[in-house]
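What follows is one structure encoded as structure tokens, with my remarks underneath.
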Amino acid sequence: MTKFERISPDNQRSFADILETAVARRSVLRGGVGLAAIGIFGKPLGLRAQDNGDSDENTTPLIDFEAITVERAASQTNWPLVSEDYEFDLIFPWGEPIQPDGPAFSHPPSADDQELQIGIGHDGMWFFAHPDDIPSDDDDSEDGSTGATEDVDETDPPMNRRGVLVINHEYGSNSRVIDANSPGSLEEVRASQHAHGVSILNVEKIDGKWQIVEGEKARRIHVNTPVTFSGPAADHSLLKNRDEYEPKGTLNNCANGFTPWGTYLTCEENFHQYFSETPYSEENWRYGLTYSAGDGYGWFRRDARFRLSSRNYPNEGNRFGWVVEIDPHDPEHVPVKHTALGRFRHEGAAVAVGLDDRIVVYMGDDSGDEYIYKFVSAESYKDMMEREESPLATGQLYVAKFNDDFTGEWVPLTMDNDELADRFDDEADLLVHARIAGDIVGATKMDRPEWITVAPDEYVYGTLTSNSSKTGINAANPESPNNFGHILKWKDADTHTGTTFEWEVWKLASSTQDTEEMFGNPDGLYADADGRLFIQTDGSQGEGERSICNQLLVADASTGEIHRLFTGVEDCEITGIAFTPDHKTMFINIQHPGWDNFETTLDTQEFPGIAGPNVPRDCTVVITRRDGGVVGS
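Counting from 1 along the sequence shown, just add 52 to a position and that's the residue number in this note's numbering.
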């Protein structure tokens, strides 16, 4: 992926210098601290380790399954592995029809068929219980995702065995989707476009197996689906093309989020890879919109929307790079792109309810030396929704500064800042070019911010997957090159809404390389209600005899202990995290198995072993404990 390396001179410091400065400052702030308390060598013994209290030796362990060893994981790379205490099933592959009577998968798919089939590049997702299945006295979120782990009634409530599963589709290469290096017709472009986007599926567990069932909620949202905009930039000239060309589509849908009012958030990441013949400007360059950025997909040769030199679509590139809200229960709902949350390469959107019921959304810009942002709604989301106003349409966008003394600040990106007012015409201009605003206020450059998750105790965790080409370091990104990635932890003042925070490095993946906890390139991340962190990887996992496939791990957020739960197949990414409300069924995704390597092993070519053409297919994995317990325990 394209990276913009912008290392400034003040980043050219040694880790020892940063550490010395941090310890000195922290000693003043907290009355003395030793190196062991900094928590940067793989053990989370930082600012708040003392907050966890003493553990009760008589309680059931938080994580009590037999972990997959490195040796076992290295011995099998052409079929998934799961802990002996668990079982899994492979479901919902690319090309399966979204309705039971839809067109069967053929390869390569036609554009019309693909529009009625599950897309490719499975990524972020979420499970929504049907509202009618949620008990009326349930005071938790309307999506049925209570996070509860208490025992459920023996009758197996419907909300745990049926609902709506929403799946992002990040991308699919031409060689995989259309079986060609470049589309030779508009029909092939449309097939590729329809493989992108989001799938909304009616699903139910029948006779022990999750299946797609008929239902009016099922639909595909793709590159040509009508969309609309909200917020300060909604009607701005920067989002306008010629009058007859209304906004359409979402693409490169990476991670996700969900709201307390039961909607789904999908995030547009590497949108620049689809546009070509782009006129040069500082703004376009800063977003990777270069003259030949879209040559790999080649859509621009057949579809003028993706040729930014076209007089009809001069601002089409500005219409992508947003957080998009979808109502999974309303098939007529038009997806909404929320401009108040800023435009960049959005990885995910982690939602928290903050002080005074204001909505807070944490977001990472997934590229080397990019930033972490958060949005805080203007008012209580309940009050805004009573007035039929979107809580995501009005509020304040901030960007993060991580200080050497393990404090931080959220810098508001506002026209009240003189430097920003000098650079941008108005608030809409600022939000469309949020990256440049982050540059101006001196936000901290991060090692590719990926997923962010909010724990019930108000701690926030974020993955920094890697940054192998950088030459400088800062306290929050302490390795150069950062070949393995790391996970940060922080807590904001004022229940997520404050402008200050304290932070620590929760885990350096480099510290695990010679252990049974070995992992690298952390990507997907989810914190459950009991204190577990689910970590997914996308990149190199070990070397030589210790080389394994990408994996799903479960960690104790308090102690840092890590157990390997699941490993995938060669060349795949493990991504996407969703649960039924009782957390006894987990859904994850296997993305791009075998990648574009058709010389790989036969078993992987046949993956996932589901009826259809002999081609590797992204799919969903359902994971359960053999004893019916909570996943991760």
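Backbone N, C-alpha and C define an ideal beta-carbon position, used for all residues, glycine too. Model, not experiment: these values are computed from the prediction.
Check, Outcome
"Length of the line joining the Cα atoms of residue 57 and residue 423", "Unreliable positioning characterises residue 57 in this predicted model, as indicated by a pLDDT of 33, which lies under 50. The coordinate reading is nonetheless provided below. So the two alpha carbons sit approximately 13 Å from each other."
"CA-to-CA distance, residue 114 to residue 685, given in whole angstroms", "6 Å"
"Buried versus exposed, by CB contacts within 10 Å (16 or more), residue 673", "buried"
"Supposed contact pair residue 561 and residue 537 - C-beta distance, whole angstroms, cut 8 Å", "5 Å"
"Within 7 Å, strictly: CB atoms of residue 593 and residue 627", "no"
"Cβ contact check for the stretch 572-585 and the stretch 472-486: 3 or more pairs under 8 Å", "no"
"Residue 391 (DSSP reduced to helix, strand or coil)", "helix"
"Check whether residue 428 and residue 447 have beta carbons under 7 Å apart", "yes"
"Length of the line joining the Cα atoms of residue 415 and residue 264", "31 Å"
"Limits of the unbroken alpha helix (DSSP H) element including residue 226", "226-229"
"Euclidean distance between Cα positions of residue 496 and residue 307", "22 Å"
"For residue 328, three-class secondary structure by DSSP", "strand"
"Whole-angstrom distance between residue 228 and residue 666, CA atom to CA atom", "12 Å"
"Residue 15 vs residue 457 beta-carbon contact at 7 Å", "Past the edges of the chain, shown from 53 to 685, lies residue 15, and the structure says nothing about it."
"Among 438, 330, 117, 217, nearest to residue 362 - alpha-carbon criterion", "330"
"Residue 251 vs residue 176 beta-carbon contact at 7 Å", "no"
"Test item: CB-CB of residue 493 and residue 542 under 7 Å", "no"
"Residue 438 - DSSP class collapsed to helix/strand/coil", "helix"
"Buried versus exposed call for residue 298 [16 or more other C-beta atoms within 10 Å across all chains shown]", "exposed"
"Among 320, 213, 156, 488, the one whose alpha carbon lies nearest that of residue 146", "156"
"Under the three-state DSSP convention, the category residue 433 falls into", "helix"
"Collapsed DSSP secondary structure at residue 548 in the structure displayed", "coil"
"DSSP bridge partner residues for residue 519 (one or two, in chain order)", "534"
"Cα-Cα separation between residue 443 and residue 138, rounded to whole angstroms", "40 Å"
"Candidates 322, 313, 680, of which the one nearest residue 440 by Cα", "313"
"Same chain, Cβ closer than 7 Å to residue 406, neighbours up to 5 away in sequence not counted", "412, 428, 547, 548, 549"
"Residue 166, DSSP secondary structure in three states", "helix"
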